[in-house]
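Trainee:
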Amino acid sequence: MESRFGDDAVLLYLDASDDGVRREHAAVVEQIETAGHLYPVTVVDGTPLYDGAVSYPAVLRAVHDRLAQPVVEQ
Numbered sequence: 010m011e012s013r014f015g016d017d018a019v020l021l022y023l024d025a026s027d028d029g030v031r032r033e034h035a036a037v038v039e040q041i042e043t044a045g046h047l048y049p050v051t052v053v054d055g056t057p058l059y060d061g062a063v064s065y066p067a068v069l070r071a072v073h074d075r076l077a078q079p080v081v082e083q
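Sequential numbering from 10 applies to the sequence shown in the numbering used here.
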């Protein structure tokens, strides 16, 4: 990831079976479980994209696509 995107992207692994992770990321965990996604789930900027398996090429595409979008300031 770093060799492709440098500091523009950060890859995190979070274990949703951990109570602390479930508390800290409750909104995303609820979204994943309400939608019926299967773990593992790939989430980019808080949006679940892929479930059931981790695909490194798919993650790279998703990050590339996200970084290519203009930044919207609120």
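Think of the CB as a built atom: it goes at the ideal place given N, C-alpha and C, for glycine as much as any other residue.
All of these numbers come straight from a predicted model, not from anything done at the bench.
With proline 66 as the anchor, note down where its alpha helix (DSSP H) starts and where it stops.
Mentor: Here residue 66 refers to the residue found at position 57 of the sequence shown. Per DSSP, proline 66 belongs to the alpha helix (DSSP H) from 65-77.
Trainee: List the DSSP bridge partners of threonine 51.
Mentor: Stepping through the sequence shown from its first residue, residue 51 is reached at position 42. Beta-bridge pairing links threonine 51 to Tyr59.
Trainee: What is the DSSP secondary structure of glycine 45, counted as helix, strand or coil?
Mentor: Position 36 of the sequence shown, counted from the start, is the residue given in the question as residue 45. In this structure, glycine 45 counts as coil in the three-state DSSP scheme.
Trainee: Alpha carbon to alpha carbon, how far is valine 52 from arginine 31? Give it in angstroms, no decimals.
Mentor: Working through the sequence shown from its first residue, we reach residue 31 at position 22. Working through the sequence shown from its first residue, we reach residue 52 at position 43. Distance between the alpha carbons of arginine 31 and valine 52: 14 Å.
Trainee: Do you know how far the Cα of glycine 61 is from the Cα of proline 49?
Mentor: Within the sequence shown, residue 49 is the residue found at index 40, counting from 1. Within the sequence shown, residue 61 is the residue found at index 52, counting from 1. Cα to Cα, proline 49 sits roughly 5 Å from glycine 61.
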